[in-house]
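*Asks:* Protein chains in written order, with my numbering: chain A, 247 to 454; chain B, 338 to 739.
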Ligand code: SF4
Ligand code: SF4
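(1) What's the gap between the Cα of residue 222 (chain A) and the Cα of residue 435 (chain B)?
(2) Go through its chain and collect everything with a Cβ distance to residue 412 (chain A)'s Cβ below 6 Å, but skip five positions before and after it.
(3) Starting from residue 381 (chain A), trace the beta strand (DSSP E) in both directions and tell me its first and last residue.
(4) Just to confirm, does residue 293 (chain A) get its C-beta within under 8 Å of one of the non-hydrogen atoms of ligand 1?
(5) Any beta carbon of chain B sitting closer than 9 Å to that of residue 430 (chain A)?
(6) Taking the beta carbon of residue 255 (chain A) as the centre, do at least 16 other beta carbons fall within 10 Å, making it buried, or is it exposed?
(7) Taking residue 296 (chain A) as the reference, which of A:313, A:307, A:357, A:450 has the closest Cα?
(8) For residue 387 (chain B), which three-state DSSP category applies?
(9) How many whole angstroms separate the CB atoms of residue 336 (chain A) and residue 378 (chain A), which I take to be in contact at a CB cut-off of 8 Å?
(10) Given a cut-off of 9 Å on the beta-carbon distance, is the pair residue 624 (chain B) and residue 599 (chain B) in contact?
(11) Considering just the uninterrupted stretch of the beta strand (DSSP E) at residue 682 (chain B), what are its terminal residues?
(12) I need the straight-line Cα distance from residue 346 (chain B) to residue 354 (chain B), nearest angstrom please.
(13) Looking at the structure shown, is residue 409 (chain A) part of a helix, part of a strand, or coil, going by DSSP?
(14) Check whether the Cβ of residue 387 (chain B) lies closer than 9 Å to any Cβ atom in chain A.
(15) At 8 Å on the CB atoms, spell out the chain A contacts of residue 404 (chain B), in chain order.
(16) Would you say residue 363 (chain A) lies against chain B (beta-carbon separation less than 9 Å)?
(17) By Cβ distance, which residues of its chain are closer than 6 Å to residue 536 (chain B), with the 5 residues on each side in sequence left out?
(18) Heavy atom of ligand 2 less than 8 Å from the Cβ of residue 450 (chain B), yes or no?
(19) Ligand 1 and residue 537 (chain B): does the residue's C-beta get closer than 8 Å to at least one heavy atom of that ligand?
(20) Suppose the cutoff is 8 Å on Cβ atoms and the five residues either side in sequence are ignored; what does the same chain contact list for residue 617 (chain B) look like?
(21) For the alpha helix (DSSP H) containing residue 404 (chain A), list its first residue and its last residue.
(22) Whose CA, out of A:361, A:251, A:278, A:288, lies closest to the CA of residue 270 (chain A)?
(23) Given 8 Å as the limit, tell me if residue 470 (chain B) has its C-beta closer than that to any heavy atom belonging to ligand 2.
(24) Along the chain, which unbroken stretches of the beta strand (DSSP E) at least 3 residues long are found entirely within the segment 365 to 427 of chain B?
(25) Determine the chain A residues that contact residue 733 (chain B) at a beta-carbon separation under 8 Å, and present them in chain order.
(26) If the criterion is Cβ atoms closer than 9 Å, does the pair residue 437 (chain B) and residue 672 (chain B) meet it?
(27) If we call anything under 9 Å between Cβ atoms a contact, is residue 621 (chain B) one with residue 607 (chain B)?
(28) Cβ of residue 382 (chain B) within 9 Å of Cβ of residue 703 (chain B)?
(29) Give a yes or no on whether 9 Å exceeds the smallest Cβ distance from residue 721 (chain B) to chain A.
(30) Alpha carbon to alpha carbon, what distance is there between residue 298 (chain A) and residue 317 (chain A)?
(31) Kindly indicate which residue of A:257, A:322, A:288, A:252 has the alpha-carbon position closest to the one of residue 278 (chain A).
(32) Could you check the C-alpha separation between residue 247 (chain A) and residue 406 (chain B) for me, to the nearest Å?
(33) Identify, in the order they occur along the chain, each residue of the same chain with its Cβ nearer than 7 Å to the Cβ of residue 357 (chain B), setting aside the five sequence neighbours on each side.
(34) Between residue 631 (chain B) and residue 426 (chain A), what straight-line distance do the alpha-carbon atoms span, to the nearest angstrom?
(35) Any heavy atom of ligand 2 closer than 8 Å to the beta-carbon of residue 423 (chain B)?
(36) Could you give the DSSP three-state label for residue 342 (chain A): helix, strand or coil?
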């Protein structure tokens, strides 16, 4: 026991200064690219229009690097509806409707001591009946339509829906968006979105 | 002789199979012939293993349940505390990814997203298959860099699996230390390669971004030192060992990855030389008990071996430039076997006129799922988590392709 305590203390404080401070580490190609020079670009996700990138469609592939560079901004979420009632405590239920696994890991990372979302009053819950928000990752696969609808119906009011990652938001290059089945209140772009972006989305959705 | 059944691909009306742990040759086969193999049902993608229903209490877990990282349904039959049968059903999140008729570069990006957690090794397999068809292998430094990213991926993944085992055993402090280490490696990866999961890095004939390895070996070796000291502390906990030891035996020659190596079969696709592993001191880690603890021990040993290989590569390769070559118009097909962190993945790829014409994957999760179902049977319900996590399954890689 003493061993673990000493080990913990010797690592000093690990927790990020975010959201008060800036993120300590940003994966460049997880952020939305911006145009920096002329060049030929063939975007596989059809995300580039009029020299700028549609965040919802971008799959973070970097194939535009001849003309674009990572924007470096993690605060790129789109909040269509927020609710201040969740300010003190916010319970999230995660549902995977057809992901590659990476979005799941970035969401799960929020509980590690570095992001430590619990310090901000945000928790995962293991049942939709106790959830204030549904956090959806992945494209809308056919067999998950029913479980998604049922999870949403099982939640008490008020409730929010988050589409997390290019797949859930727009279908990316792999399939269909979840919005054909359920309207999303918060859009979290990225493939996968940085844990900072997901945390930013959770915090902004409580600002109503 | 190793003639276990490794993969079955449906190409049009034909069934083609791959046998043994090293071969990449396709042989025609029939359903009757496949019946004689214990694992053929799982390899044919029939996950609801059709056996007699036991007259026991049945409960379903999932497809959506807290604690499961991905959507999967478990039909569990129990007799009191004892599990008499488990039938995992991974079909819920099947994405039916459109691979055929995709352009080669688009298909590579899709391949990375079949299992994003294994994007480095999946992308590498795809590039190797295309480069073989086009008879234009990547240069030596690119090949070493592909090993580098695959081994970084293995380290991150193995730390994650051991963190999940620790979490299952309620070793909360160790668990949080391990998840922090996983995050530390992801941040190092993003700093050196531009993306936390290596997306967009691999390209046909080379790499899409310049890579500079300066300082990388030392930083990974310090993570691995810390990982080892956490492992040593965990391994001195009787409570932790008790949960892992003699839980969920899986000793089947047809399994792959840390699962088969923990059962004392020294199979590893890296031995076949699809990349120059022989030049950087690769060795196979193995154990002989075949239980959850054995699988964890193999992973722990593999983290050390990967770290040594990474240091060696960083000594040999300082910088690799951006390079892509999609100029060839050769057509054909290729079978590639690549050792992903979960085990040997077999890719069957056909291309014509710059587009994918045939595509199939036998992933490590597909190869091992039946061994989990068999191994967890006759265990007790509370061991379920350890059994499941020790295999390191990714449901995302068990889908179908159009
Ligand atoms: S990163 Fe990829 S998807 Fe995003 S704008 Fe660039 S090319 Fe398009
Ligand atoms: S958005 Fe990207 S990372 Fe997330 S599930 Fe889709 S492919 Fe995977």
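Note that the Cβ used here is the ideal one computed from N, Cα and C, for glycine as well. Owing to the predicted nature of the structure, the values given are computational and were not obtained by experimental measurement.
*Replies:* According to the data block:
(1) Any property of residue 222 (chain A) remains undetermined from this structure, which presents chain A solely from 247 to 454.
(2) Indexing the first chain from 1 puts residue 412 (chain A) at position 166. 305, 418, 437.
(3) By one-based count along the first chain, residue 381 (chain A) stands at place 135. For residue 381 (chain A), the enclosing beta strand (DSSP E) has its first and last residue at 379 to 384.
(4) Translated into the one-based positions of the first chain, residue 293 (chain A) becomes position 47. The answer is yes for residue 293 (chain A).
(5) Within the first chain, numbered from 1, the residue matching residue 430 (chain A) stands at position 184. Cβ-Cβ to chain B under 9 Å: no for residue 430 (chain A).
(6) Position 9 of the first chain, counted from the first residue, corresponds to residue 255 (chain A). With a 10 Å radius around the Cβ and a threshold of 16 neighbouring Cβ atoms, residue 255 (chain A) comes out exposed.
(7) Locating residue 296 (chain A) in the first chain gives position 50, counting from the first residue. It is A:313.
(8) In the second chain, counting from the first residue as 1, residue 387 (chain B) sits at position 50. Bear in mind that the predicted position of residue 387 (chain B) carries a pLDDT of just 49, short of 50, making it too unreliable to give a figure here.
(9) Your numbering for residue 336 (chain A) matches position 90 in the first chain. Your numbering for residue 378 (chain A) matches position 132 in the first chain. Indeed, because the Cβ distance is near 6 Å, the residues count as touching under 8 Å.
(10) For this step, residue 624 (chain B) is matched to residue 287 along the second chain. For this step, residue 599 (chain B) is matched to residue 262 along the second chain. Less than 9 Å divides the Cβ of residue 624 (chain B) from the Cβ of residue 599 (chain B).
(11) As a first step, residue 682 (chain B) is located in the second chain; it is residue number 345 there, counting from the start. Annotation for residue 682 (chain B): the continuous beta strand (DSSP E) segment containing it runs 680 to 689.
(12) As a first step, residue 346 (chain B) must be located in the second chain, where it is residue number 9. As a first step, residue 354 (chain B) must be located in the second chain, where it is residue number 17. Straight-line Cα distance between these residues: approximately 6 Å.
(13) Residue mapping note: residue 409 (chain A) aligns to position 163 of the first chain, counting from 1. Note: residue 409 (chain A) maps to strand in three-state DSSP.
(14) The sequence position of residue 387 (chain B) within the second chain is 50, counting from 1. Its pLDDT being 49, under 50, residue 387 (chain B) is placed unreliably by the model, and the measurement read from it follows with that caveat. Output row for residue 387 (chain B): interface = no.
(15) Position 67 of the second chain, counting from 1, holds the residue named residue 404 (chain B). Ordered by position in chain A, the residues that pass the 8 Å Cβ test against residue 404 (chain B) are 372.
(16) Indexing the first chain from 1 puts residue 363 (chain A) at position 117. Not closer than 9 Å to any Cβ of chain B, the Cβ of residue 363 (chain A) fails to qualify, so no.
(17) As a first step, residue 536 (chain B) must be located in the second chain, where it is residue number 199. Excluding residues within five positions, the ones whose Cβ falls inside 6 Å are 449, 456.
(18) As a working note, residue 450 (chain B) is residue 113 in the second chain. Yes, the beta carbon of residue 450 (chain B) sits closer than 8 Å to at least one heavy atom of ligand 2.
(19) On the second chain, position 200 is the one that residue 537 (chain B) refers to. Yes, the beta carbon of residue 537 (chain B) sits closer than 8 Å to at least one heavy atom of ligand 1.
(20) Within the second chain, the letter at position 280 stands for residue 617 (chain B). The residues are 481, 484, 646, 649, 650, 653.
(21) What you label residue 404 (chain A) is simply residue 158 of the first chain in a count that begins at 1. Under the DSSP assignment, residue 404 (chain A) falls outside any alpha helix (DSSP H); it carries neither an H nor an E label.
(22) Within the first chain, the letter at position 24 stands for residue 270 (chain A). Out of A:361, A:251, A:278, A:288, A:361 has the C-alpha closest to the C-alpha of residue 270 (chain A).
(23) Translated into the one-based positions of the second chain, residue 470 (chain B) becomes position 133. No, Cβ of residue 470 (chain B) sits at least 8 Å from all heavy atoms of ligand 2.
(24) Complete beta strand (DSSP E) runs here, min 3: 394 to 398, 410 to 416, 419 to 426.
(25) In the second chain, residue 733 (chain B) corresponds to position 396, counting from 1. Those are 345, 346, 347, listed as they occur along chain A.
(26) Here residue 437 (chain B) refers to the residue found at position 100 of the second chain. Here residue 672 (chain B) refers to the residue found at position 335 of the second chain. 9 Å or more divides the Cβ of residue 437 (chain B) from the Cβ of residue 672 (chain B).
(27) Here residue 621 (chain B) refers to the residue found at position 284 of the second chain. Here residue 607 (chain B) refers to the residue found at position 270 of the second chain. Yes.
(28) Within the second chain, numbered from 1, the residue matching residue 382 (chain B) stands at position 45. Within the second chain, numbered from 1, the residue matching residue 703 (chain B) stands at position 366. Taking 9 Å as the Cβ cut-off, residue 382 (chain B) and residue 703 (chain B) qualify as a contacting pair.
(29) Translated into the one-based positions of the second chain, residue 721 (chain B) becomes position 384. The Cβ of residue 721 (chain B) sits no closer than 9 Å to any Cβ of chain A.
(30) For this step, residue 317 (chain A) is matched to residue 71 along the first chain. For this step, residue 298 (chain A) is matched to residue 52 along the first chain. When rounded, the separation of the alpha-carbon atoms in residue 317 (chain A) and residue 298 (chain A) is 11 Å.
(31) Here residue 278 (chain A) refers to the residue found at position 32 of the first chain. Taking each of A:257, A:322, A:288, A:252 in turn and checking the Cα distance to residue 278 (chain A), the smallest one comes out for A:322.
(32) Indexing the first chain from 1 puts residue 247 (chain A) at position 1. Indexing the second chain from 1 puts residue 406 (chain B) at position 69. With a pLDDT of 48 at residue 247 (chain A), under the threshold of 50, the modelled position of this residue cannot be trusted; read the value that follows with caution. Each residue's alpha carbon lies about 29 Å from the other.
(33) For the purposes of this step, residue 357 (chain B) is taken as the residue at position 20 of the second chain. Only residues of its own chain outside the window of five on either side were considered, and among them 339, 340, 341, 343 have a CB closer than 7 Å to the CB of residue 357 (chain B), listed in chain order.
(34) Position 294 of the second chain, counting from 1, holds the residue named residue 631 (chain B). Position 180 of the first chain, counting from 1, holds the residue named residue 426 (chain A). Using only the alpha carbons, I get a separation of about 45 Å.
(35) For this step, residue 423 (chain B) is matched to residue 86 along the second chain. Flag unset: Cβ of residue 423 (chain B) not near ligand 2.
(36) Position 96 of the first chain, counted from the start, is the residue given in the question as residue 342 (chain A). Residue 342 (chain A): strand per DSSP, three-state reduction.
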